[in-house]
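Protein chains in written order, with this note's numbering: chain H, 349 to 569; chain Y, 353 to 566.
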């Protein structure tokens, strides 16, 4: 347990100090929402119709961006060998790393989301809900993404593989999350959809570390 | 001192074969090693020394055969405490040297003071504040060696531990190995050139030619 926790703390520090780890996904997220009025038109009605969906797609794809480097750096410099050779379970390592990267990148995305929501003509009083939904949704995106990240870690250009493996796993979170935002925009009851989004992320947290660990053990072999 | 201090670990390798893809690197490997002994793995490049070490570390699956650790005392037994130092040093470019040593201390649940002492022992304490990218190849190797000192474990699996090290560094590794053996530890190292005093030697290339021989 102390081993996984120390990895978690180290990853958080590296993500903050390394500089730019979280900047690219956050910039990508902000840019894609800011471009929407130019693409779908600046009319309030058009933005309100397209806004929730666009935002959720942008969140999913922004969460996918840090995945290529999630395990690759550790595999290349021998750190994964050292972790595995010390007899510590890869599941704990995968959980610690994914959680740390979500805190470093996923939480900034969620903090940014109400701003983008208002930019897309969403009702300001829903900001809290948008933040919560993005927080829960990005958690699911990061954990499902970690499976693809682990599978692609051992490959030289694994980015495409990450997208192929991960996007189908993103579908439930995509549907429930977009439904949450859509309900919020239309003043409908959003609680059920948010619960389903949360259940998708809980499922991801519970299962993804095992899948990622299996893939990492193969990458080391 | 825990771990290596009181344990008496033994290793038995029976009829071991390793393969990379479809190519069998070696087969019919038999040897046993007991506490306080060291074994030098020798052989041409690509003969399977690193693969054997990875199998012994539990990182790579063997093609056939068995690897059994046994023995009494803390850190021994089937899941014997092992250190694996591969040819990659596991050094992070953006973290300072001392931070990395301290990370491993926390990782192994050891006091942080152990990391400072280990840095001193490997002769790196003057480079404490230098980030990993600023270390030379030999200094990175020295930093990797601190893991052995921070957490005492009975089995050391070292892949060319003296690679990139200067004369003084080679002497240091020799001393560390001798001290570890004196405490009842076990060392298996892939080496080229000069080996360790009083070590048994296993040449893997021979094994490939005469498969089935010990």
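Yeah, the Cβ is synthetic: ideal placement off N, Cα and C, and Gly gets one too.
Which term fits residue i, buried or exposed, when burial requires 16 or more other beta carbons within 10 angstroms of its beta carbon?
| i | result |
| --- | --- |
| residue 443/Y | buried |
| residue 549/H | buried |
| residue 387/Y | buried |
| residue 563/H | buried |
| residue 453/H | buried |
| residue 477/H | buried |
| residue 552/Y | exposed |
| residue 512/H | exposed |
| residue 562/Y | Residue placement at residue 562/Y is poorly supported in this model, since its pLDDT is 47, which falls under 50; the coordinates are not used for a value here. |
| residue 413/Y | exposed |
| residue 565/Y | Here the model assigns residue 565/Y a pLDDT of 40, short of 50, so the residue's position is not dependable, and the following value carries that caveat. Exposed, because fewer than 16 other Cβ atoms sit within 10 Å of the Cβ of residue 565/Y. |
| residue 426/H | buried |
| residue 508/Y | buried |
| residue 511/Y | buried |
| residue 508/H | exposed |
| residue 558/Y | exposed |
| residue 465/Y | exposed |
| residue 461/H | buried |
| residue 527/Y | exposed |
| residue 386/H | exposed |
| residue 390/Y | buried |
| residue 355/Y | Its pLDDT being 43, under 50, residue 355/Y is placed unreliably by the model, and the measurement read from it follows with that caveat. Buried: at least 16 other Cβ atoms inside 10 Å. |
| residue 569/H | exposed |
What is the C-beta distance between residue i and residue j, in whole angstroms, given that I count them as a contact (C-beta under 8 Å)?
| i | j | result |
| --- | --- | --- |
| residue 454/Y | residue 467/Y | 4 Å |
| residue 423/Y | residue 478/Y | With 8 Å as the limit, residue 423/Y and residue 478/Y do not qualify as a contact, their Cβ atoms being about 39 Å apart. |
| residue 416/H | residue 497/H | 7 Å |
| residue 445/Y | residue 484/Y | 5 Å |
| residue 370/Y | residue 415/Y | 6 Å |
| residue 488/H | residue 521/H | 4 Å |
| residue 483/H | residue 458/H | 4 Å |
| residue 506/Y | residue 538/Y | 6 Å |
| residue 370/H | residue 363/H | 7 Å |
| residue 384/H | residue 481/H | That pair is no contact at about 18 Å. |
| residue 495/H | residue 556/H | 5 Å |
| residue 503/Y | residue 473/Y | In fact, because the Cβ distance is near 14 Å, the residues do not count as touching under 8 Å. |
Which one of the options has the shortest CA to CA distance from residue i?
| i | options | result |
| --- | --- | --- |
| residue 565/H | 441/H, 396/H and 408/H | 441/H |
| residue 397/Y | 553/Y, 550/Y, 544/Y and 549/Y | 544/Y |
| residue 447/Y | 546/H, 357/H and 534/H | 357/H |
| residue 533/Y | 520/Y, 550/Y, 519/Y and 513/Y | 550/Y |
| residue 517/Y | 488/Y, 435/Y, 535/Y and 371/Y | 488/Y |
| residue 399/H | 429/H, 466/H and 411/H | 466/H |
| residue 376/H | 353/H, 533/H, 411/H and 359/H | 411/H |
| residue 517/H | 408/H, 424/H, 475/H and 446/H | 408/H |
| residue 542/Y | 475/Y, 399/Y, 374/Y and 384/Y | 399/Y |
| residue 373/Y | 403/Y, 461/Y and 548/Y | 403/Y |
| residue 433/H | 459/Y, 452/Y and 416/Y | 459/Y |
| residue 373/H | 352/H, 473/H and 490/H | 490/H |
| residue 422/H | 458/H, 389/H and 500/H | 500/H |
| residue 538/H | 544/H, 546/H, 528/H and 523/H | 528/H |
| residue 417/Y | 382/Y, 546/Y, 523/Y and 536/Y | 382/Y |
| residue 354/H | 436/H, 495/H, 388/H and 419/H | 436/H |
| residue 430/H | 504/Y, 481/Y, 362/Y and 496/Y | 496/Y |
| residue 493/H | 475/H, 413/H, 460/H and 420/H | 413/H |
| residue 532/H | 470/H, 547/H and 350/H | 470/H |
| residue 525/Y | 504/Y, 503/Y, 498/Y and 536/Y | 498/Y |
| residue 504/H | 419/H, 406/H and 554/H | 419/H |
| residue 555/Y | 519/Y, 401/Y and 410/Y | 401/Y |
| residue 359/H | 363/Y, 451/Y, 410/Y and 420/Y | 451/Y |
| residue 482/Y | 456/Y, 493/Y and 449/Y | 449/Y |
| residue 534/H | 391/H, 558/H, 510/H and 396/H | 396/H |
| residue 553/H | 406/H, 445/H and 365/H | 445/H |
| residue 524/H | 472/H, 559/H and 486/H | 486/H |
| residue 437/Y | 420/Y, 536/Y and 409/Y | 409/Y |
| residue 352/H | 364/Y, 521/Y and 456/Y | 456/Y |
| residue 405/H | 479/H, 526/H, 551/H and 536/H | 526/H |
| residue 510/H | 456/H, 560/H and 438/H | 560/H |
Following a CB-centred definition, is residue i positioned closer than 6 Å to any heavy atom of the ligand MG?
| i | result |
| --- | --- |
| residue 415/H | No copy of the ligand MG occurs in the structure displayed, which carries no ligand at all. |
- prompt: Got a sec: which bits of the stretch 353-374 of chain H sit with their beta carbon under 9 Å from any beta carbon on chain Y, in order along the chain?
  reply: Under the 9 Å Cβ criterion, the stretch 353-374 of chain H contributes 353, 354, 355, 357, 358, 361, 362, 365, 366 and 367.
query: Residue ranges of each alpha helix (DSSP H) run of no fewer than 4 residues wholly in the stretch 378-443 of chain Y, ordered along the chain?
result: 401-409, all fully within the stretch 378-443 of chain Y.
task: Mind listing, in chain order, the continuous alpha helix (DSSP H) runs of no fewer than 4 residues lying wholly within the stretch 374-416 of chain H?
output: Here the runs fully enclosed are 392-412.
query: Between the stretch 413-442 of chain H and chain Y, which residues of the former have CB atoms less than 9 Å from a CB of the latter, in chain order?
result: Residues of the stretch 413-442 of chain H with a C-beta less than 9 Å from any C-beta of chain Y: 421, 422, 424, 425, 426, 427, 428, 429, 430, 431, 432, 433, 434, 435 and 436, listed in chain order.
message: What are the residues in the stretch 487-500 of chain H lying within 9 Å of chain Y by C-beta distance?
response: So the list is empty, because no residue satisfies the distance condition.
field: Continuous alpha helix (DSSP H) assignments of at least 4 residues falling wholly in the stretch 421-480 of chain H
entry: DSSP runs (the alpha helix (DSSP H)) wholly in the stretch 421-480 of chain H: 427-433, 438-449 and 455-467.
- prompt: Taking only runs of the alpha helix (DSSP H) that begin and end inside the stretch 467-544 of chain Y, which ones reach a length of at least 4 residues, in chain order?
  reply: Entirely contained in the stretch 467-544 of chain Y, the alpha helix (DSSP H) runs reaching 4 residues are, in chain order, 489-502 and 519-534.
query: Any residues in the stretch 434-447 of chain Y with a beta carbon nearer than 9 Å to a beta carbon of chain H? Which ones, in chain order?
result: Listed in sequence order: 434, 435, 436, 437, 438, 439, 440, 441, 442, 443, 444, 445, 446 and 447.
- prompt: What residues in the stretch 535-569 of chain H have a beta carbon less than 8 Å from any beta carbon of chain Y?
  reply: Residues of the stretch 535-569 of chain H with a C-beta less than 8 Å from any C-beta of chain Y: 568 and 569, listed in chain order.
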